[in-house]
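Here the structure is laid out as structure tokens; the discussion comes afterwards.
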Amino acid sequence: MQQTKVHSFPSADQVAQALNAFLAHASAEAIKQHGRFTVAFSGGSLPATVAKYLKDNKSVDFAKWFVFFSDERCVPLDDPESNFKLVKDELLSHVPIPDSQVIRISEAL
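The opening residue of the sequence shown carries number 1 in my numbering; numbering runs sequentially from there.
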């Protein structure tokens with residue numbers, strides 16, 4: 001049985017730095033083993049925290065990322081309540097992830 005690890009950081013900035021390092025490493029390993037990295041984002045403050053350092057990390061091969069959304073709302077994609085909009089504004093508009101690899105909820109729902 002695998003042990004659960006809990007990480008605690010004294011500031012939001014240190015969380016952002018740790019997420020940058022974790023995602024850079026995890027994506028490099030996944031790309032090495034599987035040729036791609038798959039990630040799902042929720043909304044709230046997470047997109048800004050994740051993107052703070054990651055969007056400028058030149059070691060990340062964003063062209064091999066596939067992005068999904070884990071708790072998207074049924075609203076237009078440009079709505080302020082859309083998690084897609086949050087992730088797009090904070091991360092996707094700053095990194096070269098192909099649009100075809102960003103899997104959004106259908107606005108028709």
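Ideal Cβ placement from N, Cα and C applies to all residues, glycine included.
Check                                                                                                                                    : Outcome
Suppose only complete runs of 4+ residues qualify. What are the alpha helix (DSSP H) ranges in the segment 25-73, listed by chain order? : 46-54
Look up V15 in the DSSP assignment and say whether it is helix, strand or coil.                                                          : helix
Which word fits V6, buried or exposed, when buried means at least 16 other C-beta atoms lie within 10 angstroms of its C-beta?           : exposed
Determine, using beta carbons only, whether V67 and F41 come nearer to each other than 8 Å.                                              : yes
Helix, strand or coil: how does DSSP classify V95 here?                                                                                  : coil
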